[in-house]
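Asker: Shown below is the structure under consideration.
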Ligand SMILES: Cc1cc2nc3c(=O)[nH]c(=O)nc-3n(C[C@H](O)[C@H](O)[C@H](O)COP(=O)(O)OP(=O)(O)OC[C@H]3O[C@@H](n4cnc5c(N)ncnc54)[C@H](O)[C@@H]3O)c2cc1C
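Numbering (my numbering), first residue to last: 425 to 795.
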């Protein structure tokens with residue numbers, strides 16, 4: 425199928441019907457909230473059963489063998505209808521794209537069709553208590569022992585880990601090599617003995633992410649994705665996917681957000697010149713970001729800039745909205761929840777400071793920060 429206009433019309437019809445019947449999962453952003461995991465999984469299964477999942481993945485691995493442009497249309501129309509485009513980013517984008525790039529035929533056959541169908545939930549096991557921004561400092565170790573690796577250590581902030589069947593994991597497999605070179609990438613079965621997952625409560629009251637402890641976990645060698653000690657390369661591609669822009673879909677959801685912002689009531693007693701000025705400033709910033717997104721058109725090299733600008737704007741808008749509500753912001757409702765949630769988005773997937781460093785060094789060509 426090459427006619428994208430016809431294809432788009434079919435996507436719209438499918439998504440609208442799914443929305444009406446209640447099977448479509450509402451959009452949730454980057455991380456599926458705990459109370460929506462089941463619905464999101466059912467929605468993924470429904471989309472797959474009807475041929476609307478994994479559009480650009482190879483046919484032999486559960487996909488439809490279409491182009492990335494078809495997937496982009498799917499993202500755009502899901503954004504327009506405000507439904508989730510997939511079960512979760514960790515599985516559908518991060519795990520699946522890295523398996524497609526670096527997996528063996530056995531790994532592709534074992535994981536891709538089930539991920540496309542929403543049969544398995546994935547989490548991302550990269551960050552550690554002492555290794556977030558400085559990810560190469562990770563200490564979790566995987567030591568070869570016959571046909572297994574013995575895994576010991578701890579991960580943290582692992583979103584959805586309490587529901588996950590598998591995790592994409594970074595662990596140190598060599599202490600002799602320079603630190604970036606001694607890391608390997610695993611597809612970890614979360615049900616293996618010796619894995620202890622403990623949910624952490626955020627200030628919203630939800631438990632979206634977890635601590636994950638490994639105590640002598642025997643991980644089969646077949647879980648290694650890509651060559652031993654070359655996990656850093658695989659991981660950097662994953663982080664590119666994580667920060668990557670979804671092109672026009674990003675513009676559509678930003679537009680929706682700007683519409684909501686424009687309708688925020690700074691009215692009656694609160695309609696002060698300062699609030700109006702602040703709102704105008706946010707809307708102008710939003711308009712500039714929209715123009716920027718349209719210009720970069722999904723350019724992966726500029727993903728750190730779009731991640732930075734979008735999360736900073738959203739969080740400023742949430743703080744503004746909470747501010748104009750005054751005492752009302754102390755009530756726990758969707759608006760307050762969003763306000764409490766948004767600082768996390770400036771950190772997840774790499775903090776704003778780190779995105780600024782990347783933009784400075786790789787986009788603007790400024791001197792590298794001192795080691
Ligand atoms: C909602 C949420 C979900 C997440 N989900 C996952 C997940 O599923 N899987 C996963 O592996 N991780 C996840 N993370 C973790 C996330 O990737 C890390 O929190 C992030 O990379 C920052 O690392 P850190 O928390 O260790 O902070 P640190 O690296 O300790 O940074 C602390 C502060 O210092 C600043 N800083 C650090 N280094 C520099 C520098 N060189 N220059 C300037 N400033 C610097 C940072 O910007 C930050 O403000 C999640 C985080 C959040 C908030």
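Quick reminder that beta carbons are idealized off the backbone N, C-alpha and C, glycines included.
Excluding the five sequence neighbours on either side, which residues of its own chain have a C-beta within less than 7 Å of the C-beta of residue 482, listed in chain order?
Answerer: The residues are 489.
Asker: Compute the distance between the beta-carbons of residue 410 and residue 649, then report whether it is under 9 Å.
Answerer: Because the chain is modelled from 425 through 795, residue 410 falls outside the range shown and cannot be assessed.
Asker: Less than 8 Å between the CB of residue 515 and some heavy atom of ligand 1, yes or no?
Answerer: No; taking the cut-off as 8 Å, the Cβ of residue 515 has no heavy atom of ligand 1 nearer than that.
Asker: State yes or no: is the C-beta of residue 626 nearer than 8 Å to some heavy atom of ligand 1?
Answerer: For ligand 1, at least one heavy atom lies less than 8 Å from the Cβ of residue 626.
Asker: Just how far apart, CA to CA, sit residue 487 and residue 519?
Answerer: Distance between the alpha carbons of residue 487 and residue 519 is about 15 Å.
Asker: Taking 8 Å as the cut-off, is the CB of residue 619 close to at least one heavy atom of ligand 1?
Answerer: No, Cβ of residue 619 sits at least 8 Å from all heavy atoms of ligand 1.
Asker: Just verifying my parser: in three-state terms, what is the DSSP assignment at residue 511?
Answerer: Note: residue 511 maps to coil in three-state DSSP.
Asker: Under three-state DSSP, which class holds residue 588?
Answerer: Coil at residue 588, not helix or strand.
Asker: For a test of your reading of the model: does the CB of residue 781 fall under 8 Å from any non-hydrogen atom of ligand 1? Yes or no.
Answerer: Because some heavy atom of ligand 1 lies under 8 Å away, the Cβ of residue 781 counts as near it: yes.
Asker: So is residue 617 buried or exposed if we call it buried at 16+ other beta carbons inside 10 Å?
Answerer: The residue is exposed, with fewer than 16 neighbouring Cβ atoms inside 10 Å.
Asker: Report the rounded CA-to-CA distance for residue 595 versus residue 530, giving the unit in angstroms.
Answerer: Between residue 595 and residue 530, the C-alpha separation is close to 22 Å.
Asker: Rounded to a whole number of angstroms, what is the C-alpha to C-alpha distance between residue 624 and residue 581?
Answerer: Using only the alpha carbons, I get a separation of about 8 Å.
Asker: Whole angstroms are fine: how far does the CA of residue 567 sit from the CA of residue 652?
Answerer: Approximately 11 Å, taken between the alpha carbons.
Asker: How about residue 711 and residue 682: are their beta carbons less than 9 Å apart?
Answerer: A contact, by the Cβ cut-off of 9 Å.
Asker: I want to know whether the segment 433-440 touches the segment 453-465 - three or more CB-CB distances under 8 Å.
Answerer: As far as the Cβ criterion goes, the segment 433-440 does not touch the segment 453-465, which means the pair count is below three.
Asker: Taking 8 Å as the cut-off, is the beta-carbon of residue 761 closer than that to any non-hydrogen atom of ligand 1?
Answerer: Not so, every heavy atom of ligand 1 lies at least 8 Å from the Cβ.
Asker: Considering Cα atoms alone, identify which of 503, 768 and 546 is closest to residue 626.
Answerer: It is 768 whose Cα lies nearest to the Cα of residue 626.
Asker: Report the three-state DSSP secondary structure of residue 449 (helix, strand or coil).
Answerer: Three-state DSSP puts residue 449 in coil, outside helix and strand.
Asker: Within 8 Å: the Cβ of residue 584 and any heavy atom of ligand 1?
Answerer: Yes.
Asker: For ligand 1, any of its heavy atoms closer than 8 Å to the Cβ of residue 550?
Answerer: Residue 550 Cβ: within cutoff of ligand 1.
Asker: Between the segment 534-548 and the segment 508-525, do at least 3 Cβ pairs fall closer than 8 Å?
Answerer: These segments touch.
Asker: Output needed for residue 775: all residues of its chain with C-beta closer than 7 Å, excluding positions within five of it in sequence on either side, in chain order.
Answerer: 557, listed in sequence order.
Asker: Taking DSSP as the reference, what is the three-state secondary structure of residue 781?
Answerer: Three-state DSSP puts residue 781 in a helix.
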